[in-house]
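Here is the structure we will look at, set down as structure tokens.
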Amino acid sequence: VGEIVLDAGELTTLATGDAFVSDPTVRLALAERAHLVDMEGFAVARACAAADVECRMVKVVSDTASEDAARSWKAEADRTARLIAEVVAEHL
Numbered sequence: 003v004g005e006i007v008l009d010a011g012e013l014t015t016l017a018t019g020d021a022f023v024s025d026p027t028v029r030l031a032l033a034e035r036a037h038l039v040d041m042e043g044f045a046v047a048r049a050c051a052a053a054d055v056e057c058r059m060v061k062v063v064s065d066t067a068s069e070d071a072a073r074s075w076k077a078e079a080d081r082t083a084r085l086i087a088e089v090v091a092e093h094l
């Protein structure tokens, strides 16, 4: 378990794990400590911190951490990719 403190932007707590959250008990426990859960955010932030480079992430919620998380993520992939592309294009 590690923690990287972000010094800019809104305060959002992001938990990172290596599997889709599909267990309701795990989902509730995570919801008490984090706003969002992903599978890569901490690794990206850690690598940027180690290289002493700025890190910015654009995240879109792609599933509801329910029993069908793995399936619903696939169904949402196109929509979320388009949303992220729009945000990135606005900030270039």
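Here this note's numbering is used: position 82 in the sequence shown is 84, and no number is missing along the way.
Note that the Cβ used here is the ideal one computed from N, Cα and C, for glycine as well.
These numbers come from a predicted model, not from an experiment.
Under the assumption that residue i contacts residue j (Cβ atoms under 8 Å), give the Cβ distance between them as a whole number of angstroms.
i   : j   : result
A67 : R35 : Rounded, the Cβ-Cβ distance is 13 Å, inconsistent with contact.
F22 : A72 : 5 Å
K61 : D40 : 6 Å
E42 : C50 : Contact doesn't hold; Cβ gap of about 12 Å is too wide.
Run the CB neighbour count on residue i, radius 10 Å, all protein chains shown included, and call it buried at 16 or more, exposed below.
i   : result
A47 : buried
Do residue j and residue i have their beta-carbon atoms positioned less than 8 Å apart in this structure?
i   : j   : result
L38 : L16 : yes
F44 : T14 : no
How about residue i: is its C-beta nearer than 8 Å to some C-beta of chain C?
i   : result
V28 : Among the protein chains of the structure shown there is no chain C, as only one such chain exists.
Taking the alpha-carbon of residue i as reference, which of the options has the nearest alpha-carbon?
i   : options            : result
D70 : G19, L13, S24, T14 : S24
V63 : A77, K76, T82, A49 : T82
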